[in-house]
Amino acid sequence: MSEDWTLAEQRLQQYRCQTEDLQLSPEAVQQLRSDLHTLVTAADFLTLGICAETSAIAQAALAEYWAALQQPALEPTDLPAIAEPCFLKANGRSGRLLLDTYEGAYRGVLITVHSDLAAGPSGTYGHFPLDLFAAA
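Residue numbers (the numbering used here): 140 to 275.
Shown next, in the form of C-alpha cells:
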C-alpha cells in the first residue's frame, strides 16, 4: 500500500497550488479521482476547503467529494444560506464544518491530507473542479 500512495502523491504534485481552471480529459479525471482516493485512504484524515459562488454549490461539492472519498459522517450542522462567494471547510478529524463569506477569485476544492506519523502522506492539493466527483 505504501508504494501506491507515494506514486499517487507524485502524480498529484502537479496540482499543488493550482491557480488556473483545470481542463482535464476523461482519462485524466479518472486518474485524478483514483490518485486522490489512494492518497486520502493512506492518510489519517483530511480537510476540504471549498470556494464556491454560493453555499448551496459548496455544500453540493462537499457531499460529492465526501462520499467519493469515503469519509466518515460529518456532524449535522444547520449552515446558513449564503448567496455570495463563500468558503466551506470540512474537517475529517473533528467532523466539523465552517462556512464564511469569501472575497477571493478562486473557485474549487482544496484537499489537505494529514498523517499522524511523519512517514505518512501530508500536503495540500488543488484547487480541483467543484464537480470533479459529480456522477462519479
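Here a beta-carbon is modelled for each residue, glycine too, at the ideal position from N, C-alpha and C.
Alpha-carbon spacing of residue 140 relative to residue 181, whole angstroms: As a working note, residue 140 is residue 1 in the sequence shown. As a working note, residue 181 is residue 42 in the sequence shown. Caution is warranted here: a pLDDT of 46 is assigned to residue 140, below 50, making its placement in the model unreliable, and no coordinate value can be reported.
Alpha carbon of residue 255 to alpha carbon of residue 154, nearest angstrom: Looking up residue 255 in the sequence shown gives position 116. Looking up residue 154 in the sequence shown gives position 15. Their backbone Cα atoms lie some 23 Å apart in a straight line.
For residue 160 and residue 100, the rounded distance between their alpha carbons: Residue 100 lies beyond the stretch modelled for the chain, which goes from 140 to 275, so this question has no answer here.
Sub-8 Å separation of residue 200 and residue 248 beta-carbons: Your numbering for residue 200 matches position 61 in the sequence shown. Your numbering for residue 248 matches position 109 in the sequence shown. Yes, the Cβ-Cβ distance between residue 200 and residue 248 is below 8 Å.
Helix, strand or coil at residue 140 according to DSSP, with G and I counted as helix: Here the question's residue 140 lines up with position 1 in the sequence shown. Here the model assigns residue 140 a pLDDT of 46, short of 50, so the residue's position is not dependable and the matter cannot be decided.
Test item: CB-CB of residue 203 and residue 234 under 8 Å: The residue labelled residue 203 in the question sits at position 64 within the sequence shown. The residue labelled residue 234 in the question sits at position 95 within the sequence shown. No, they are not a contact pair.
Start-to-end residues for the beta strand (DSSP E) that takes in residue 239: Position 100 of the sequence shown, counted from the start, is the residue given in the question as residue 239. First-last of the beta strand (DSSP E) with residue 239: 236-240.
Residues of its chain near residue 148, where Cβ-Cβ distance is below 7 Å and the 5 sequence neighbours each way are ignored: Position 9 of the sequence shown holds residue 148. Result list for residue 148: 178, 260, in chain order.
Cβ-Cβ distance between residue 272 and residue 231 below 8 Å: Looking up residue 272 in the sequence shown gives position 133. Looking up residue 231 in the sequence shown gives position 92. No, they are not a contact pair.
Whole-angstrom distance between residue 240 and residue 262, CA atom to CA atom: Translated into the one-based positions of the sequence shown, residue 262 becomes position 123. Translated into the one-based positions of the sequence shown, residue 240 becomes position 101. Near 24 Å, if we compare the C-alpha coordinates of residue 240 and residue 262.
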